[in-house]
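Quick note, the sequence shown lines up with residues 14 to 93 if you use my numbering.
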Amino acid sequence: MPKGVDSAKSSKTTSCEFTDGPRVLVAPAVETVQVIWLLVIIQDWFVYMSTSAKALLISLKCSLNQSMKNSSETARLDKK
């Protein structure tokens with residue numbers, strides 16, 4: 014084979030490796046960043062929900078205590 018054909022094939026292979034290489038390396042990095050952001054969002058959601066749930070439980074507890082106090086006062090007034 015002539016030398017020109019070999020050099021053309023090798024340069025073509027080199028250019029293909031050059032163009033395909035970064036895409037292969039960049040794609041997993043982008044997916045990794047997306048997965049990390051997804052995990053951060055899920056973690057923030059769980060923190061928000063647990064905080065909201067705690068606030069809701071405290072509110073329910075306070076309202077339950079208040080209603081029990083009111084009912085005991087009402088029962089005491091009814092006895093008089």
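Cβ atoms here follow ideal geometry from the backbone N, Cα and C, with glycine treated the same way.
- Rounded to the nearest whole angstrom, the C-alpha separation of S80 and Y61 is 28 angstroms.
- Rounded to whole angstroms, the separation of the alpha carbons of I55 and K67 is 18 angstroms.
- Leaving aside the five residues that flank K92 on each side, none in its chain has a CB nearer than 6 angstroms to its CB.
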